[in-house]
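Structure first, then comments.
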Ligand SMILES: Cc1cc2nc3c(=O)[nH]c(=O)nc-3n(C[C@H](O)[C@H](O)[C@H](O)COP(=O)(O)OP(=O)(O)OC[C@H]3O[C@@H](n4cnc5c(N)ncnc54)[C@H](O)[C@@H]3O)c2cc1C
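Residue numbers (the working numbering): 28 to 444.
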């Protein structure tokens, strides 16, 4: 078989890899996108809550409140669970996460990510228009419900802080919640409504629509195993179902599996995962959910997806490859049934995915420090659907020598040396 040659190999066709491939293509690069699946967006980018979180200027850091930490430690919080057997593997990473979550360092992460967050919806709007799938972006914003005055108070203070960065938000009382979501039942202290974020009712479908756009513009998508990546002279080679392909440059964008490529190359970047689950349920009768709704104190979210009402869970600390343990789905189900008229499940079993995370909740974007022509674009934590196209732009600007729209230094792999 003849060896295929191209300018750039992008490894991984989730929202992050597809975003990078499109931005490189726009800058005149011939790109081959490689995934182990024969379609884009089949993994984490399929299963998320669908929110383009352009109002989430503060990343999800480790809590500093003792009561909350105790609840987490006792495995009693619905928002966060851990698998006891996997704890030894996680503890050193959790310690780094805790240290990176001091108020000063958390603010550093927020400010580093802010230009990307601000750019996130703009990038999606442009690609959605180009891909001609306007039906995949809904202008709903989202709602965070609170059942206690204390948690509502914290959220209102956080909203006030976010307002300094031009985030729009409204605090809703019970009557205003009912006006926006007439089918919700519960004893709410109040809610925060964030009007700006976009909602994607089929996140996997959006990654596929972007991959189709990439294909229409001449990009090639091949099925292959990125773990076969090897350096061959001044080029990078990967084996695919269509034979081997080589390129001057390669981008590692395999989300939670990125360590399978950077690890063997000798990089010890502390990539870990926060697992999460979803389950679709049919709404009962004519019940309609107008926005994604986070039941904050009970630790789950309901989103009105094309496939049904998607219940997503909070964080599970467990090994990426450990068998599923959807305890949080089981805990959330009766609470969700009490909140909204839900009928039968659409899925036979819950879906499981893994948010790829670094301890400072910032992605790794930029050059691999010790390998010419190798680039990193992974670790998008809770915000990979949101940030895939924006980080794709940043990476492509760096790779083609343009002035980057955001300071790339905070995302460098060297920060872990
Ligand atoms: C429950 C849940 C809710 C979430 N909600 C949101 C939200 O509302 N908004 C938001 O912005 N983010 C959300 N996220 C986070 C978001 O989904 C992720 O950050 C994002 O999907 C990561 O994208 P990715 O492209 O890096 O990874 P992925 O989508 O996992 O893509 C990685 C790709 O690499 C491929 N791959 C892996 N190994 C190989 C190999 N050896 N060879 C070839 N290919 C390989 C995989 O097949 C896959 O296609 C949520 C996550 C979860 C779990």
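Glycine included, every Cβ here is placed at the ideal spot set by N, Cα and C.
Heavy atom of ligand 1 within 7 Å of residue i beta-carbon
i: residue 76; result: yes
i: residue 35; result: no
i: residue 505; result: The structure shown does not extend to residue 505, since the chain spans only 28 to 444, so no value can be given for it.
i: residue 388; result: no
i: residue 284; result: yes
i: residue 43; result: yes
i: residue 61; result: yes
i: residue 410; result: yes
i: residue 69; result: yes
i: residue 380; result: yes
Residue i, buried or exposed, once every other Cβ within 10 Å from all chains shown has been counted against 16
i: residue 361; result: exposed
i: residue 423; result: buried
i: residue 318; result: buried
i: residue 56; result: buried
i: residue 89; result: buried
i: residue 215; result: buried
Closest residue to residue i among the options (Cα-Cα distance)
i: residue 355; options: 344, 117 and 233; result: 344
i: residue 332; options: 341, 309, 146 and 351; result: 309
i: residue 158; options: 305, 244, 380 and 407; result: 244
i: residue 185; options: 86, 226 and 402; result: 86
i: residue 430; options: 54, 271 and 37; result: 54
i: residue 439; options: 385, 409 and 428; result: 385
i: residue 402; options: 89, 274 and 378; result: 274
i: residue 63; options: 284, 442, 121 and 89; result: 284
i: residue 47; options: 91, 74, 210 and 154; result: 154
i: residue 112; options: 442, 407 and 350; result: 350
i: residue 82; options: 36, 196 and 67; result: 196
i: residue 300; options: 176, 409, 31 and 143; result: 409
Alpha-carbon to alpha-carbon, residue j and residue i
i: residue 182; j: residue 347; result: 31 Å
i: residue 292; j: residue 201; result: 55 Å
i: residue 156; j: residue 188; result: 33 Å
i: residue 150; j: residue 433; result: 14 Å
i: residue 282; j: residue 383; result: 6 Å
i: residue 207; j: residue 169; result: 10 Å
i: residue 413; j: residue 235; result: 15 Å
i: residue 411; j: residue 72; result: 7 Å
i: residue 353; j: residue 305; result: 9 Å
i: residue 125; j: residue 209; result: 40 Å
Anticipated Cβ contact below 8 Å, residue i with residue j, distance rounded
i: residue 268; j: residue 256; result: That belief does not hold up - the Cβ atoms of residue 268 and residue 256 are roughly 16 Å apart, past 8 Å.
i: residue 389; j: residue 140; result: 6 Å
i: residue 404; j: residue 58; result: Incorrect: roughly 13 Å between the Cβ atoms, too far for contact.
i: residue 172; j: residue 367; result: Their Cβ separation, rounded to whole angstroms, is 11 Å, which puts residue 172 and residue 367 out of contact at 8 Å.
i: residue 341; j: residue 107; result: 6 Å
i: residue 164; j: residue 77; result: Incorrect: roughly 10 Å between the Cβ atoms, too far for contact.
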